[in-house]
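Residue numbers (our numbering): 42 to 410. What follows is one structure encoded as structure tokens, with my remarks underneath.
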Ligand code: NPG
């Protein structure tokens, strides 16, 4: 049983090494909330994957901050002695908002594991100590620049390249990359930018031998994705549409996708992410670990998740250098073979570097009983 004494929220900002453009917008800076949960026995960290604006999902930093400060943390403090398995019930009075809930769940779990000296990887049932890394390449101003970025990432050792696409910047771009690099594992991610009427775009991608097409249609949809999957031999993968293990089960039953992207923040935290993994694995559906440009805190958690046995495809778990000139933790470095070590210390196994954290902090607030 764990008793929470206080929770500190920090809004942090870190410049990105290069702008990251998706079909819903361009990020030049990573701004996110970190939660530090103080218990009687330890402290734990959680990173909120929401962004400045509600563009990837309905959640956004300022909303998540208020929700954590005014509802989730007070409920947790009032709950007294609890374990991480109780938190679904403690937070059930708040509908939705998986990213805000995940932040507190993950920080609480980290504290609980640190108190008993167990690594998150061990707790989740990791099957390996190193995971295969892929990289997600943003939309570039030109095809030449795209080819140069892909070449650079391949030279570093990345084992799968994912290209962001949007209407008008799709088939030609992807074909150019495929032509230049015929043998690589290549996928595309539309971030919900298309409609079923655009099926011809996806038909045109079929000869390019893609590993998957990720979230082509509406961010909330399962039914139209099932219709699209029926028209294609290329596997569809869902990201935005899968906000819980229940939705993962529905998507698999409906035939909306044949691969699932797991982002723990999108589904409400590490425990629900494990349930998505278990659901997919029982159905024989491969999963992989998505990324939300996390700092080292969120990256450590992703690596532990990605070590679970159902994660059979390389994830968006890239090295710190792909995102930040300077990370919040000691940098995560990918080996030349395209793998990264899963942290083995207690909890998530890493801490933010205190001075670096302070330098990046835009705002902080502590919630006590
Ligand atoms: O490597 O962390 C990463 C980024 C992977 O493409 C990536 N993330 O749609 O999956 C996505 C996209 C994203 C990033 C979405 C930031 C929302 C915020």
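Think of the CB as a built atom: it goes at the ideal place given N, C-alpha and C, for glycine as much as any other residue.
Open item on the list: Looking at ligand 1, does it come within less than 8 angstroms of residue 333, judged from the CB to the closest heavy atom?
Closed with: Translated into positions along the chain shown, residue 333 becomes position 292. Residue 333: yes, Cβ under 8 angstroms from ligand 1.
TODO: List the whole-angstrom C-beta distance separating residue 63 from residue 180, where the pair is believed to meet the contact cut-off of C-beta under 8 angstroms.
DONE: Residue numbering aside, residue 63 sits at position 22 when the chain shown is read from its first letter. Residue numbering aside, residue 180 sits at position 139 when the chain shown is read from its first letter. Here residue 63 really is in contact with residue 180; their C-beta atoms are around 7 angstroms apart, less than 8 angstroms.
Open item on the list: If you reduce the DSSP assignment to three classes, tell me which class residue 211 lands in.
Closed with: Walking along the chain shown from the start, residue 211 turns up at place 170. Residue state, collapsed to three classes: coil.
Open item on the list: Just verifying my parser: in three-state terms, what is the DSSP assignment at residue 206?
Closed with: In the chain shown, residue 206 corresponds to position 165, counting from 1. Residue 206: coil per DSSP, three-state reduction.
TODO: Go to residue 349, then tell me how far its alpha helix (DSSP H) extends in each direction, as first and last residue.
DONE: One-based indexing of the chain shown puts residue 349 at position 308. Premise fails: residue 349 is in no alpha helix (DSSP H) and is neither H nor E.
Task: Cβ neighbours of residue 188 in the same chain (closer than 6 angstroms, five flanking residues each side left out) - done: Looking up residue 188 in the chain shown gives position 147. Excluding sequence neighbours, residue 188 sits near 221.
Task: Buried versus exposed, by CB contacts within 10 Å (16 or more), residue 378 - done: What you label residue 378 is simply residue 337 of the chain shown in a count that begins at 1. Exposed, because fewer than 16 other Cβ atoms sit within 10 Å of the Cβ of residue 378.
TODO: Measure the CB-CB distance between residue 358 and residue 343 and report whether it falls below 9 angstroms.
DONE: Mapped onto the chain shown, residue 358 falls at position 317. Mapped onto the chain shown, residue 343 falls at position 302. Yes, Cβ-Cβ distance for residue 358 and residue 343 is below 9 angstroms.
Task: Coil, strand or helix - residue 48 by DSSP - done: On the chain shown, position 7 is the one that residue 48 refers to. Residue 48 falls in the strand class under three-state DSSP.
Task: Contacting residues, own chain, Cβ-Cβ under 6 angstroms from residue 61 (five flanking each side not counted) - done: One-based indexing of the chain shown puts residue 61 at position 20. Contacts found: 68, 179.
TODO: Name, in chain order, the residues that DSSP records as bridge partners for residue 86.
DONE: Counting from 1 along the chain shown, the entry for residue 86 is found at position 45. Checking the DSSP bridge columns, you'll see residue 86 partnered with 77.
Task: Sheet register partners of residue 171 (DSSP bridge) - done: Mapped onto the chain shown, residue 171 falls at position 130. Bridge partners of residue 171: 382.
Open item on the list: At a threshold of 8 angstroms, does residue 176 count as lining ligand 1 (C-beta to nearest heavy atom)?
Closed with: Here residue 176 refers to the residue found at position 135 of the chain shown. Yes, the Cβ of residue 176 comes within 8 angstroms of a heavy atom of ligand 1.
Task: Distance, residue 312 Cα to residue 36 Cα - done: This structure gives no information on residue 36, because the portion of the chain shown stretches from 42 to 410.
TODO: Output the boundary residues of the beta strand (DSSP E) element that contains residue 408.
DONE: One-based indexing of the chain shown puts residue 408 at position 367. Membership of residue 408 in the beta strand (DSSP E) is indicated by the continuous run 402-408.
Open item on the list: Just to confirm the assignment, what range does the beta strand (DSSP E) spanning residue 230 have?
Closed with: Taking the chain shown and counting its residues from 1, one reaches residue 230 at position 189. For residue 230, the uninterrupted beta strand (DSSP E) segment begins and ends at 227-230.
Task: Straight-line Cα distance separating residue 209 from residue 262 - done: By 1-based counting over the chain shown, the position of residue 262 is 221. By 1-based counting over the chain shown, the position of residue 209 is 168. Residue 262 and residue 209 have their C-alpha atoms some 22 angstroms from each other.
Task: Outcome for residue 374 when other beta-carbon atoms lying within 10 angstroms are tallied against a minimum of 16 - done: Taking the chain shown and counting its residues from 1, one reaches residue 374 at position 333. Residue 374 should be labelled exposed.
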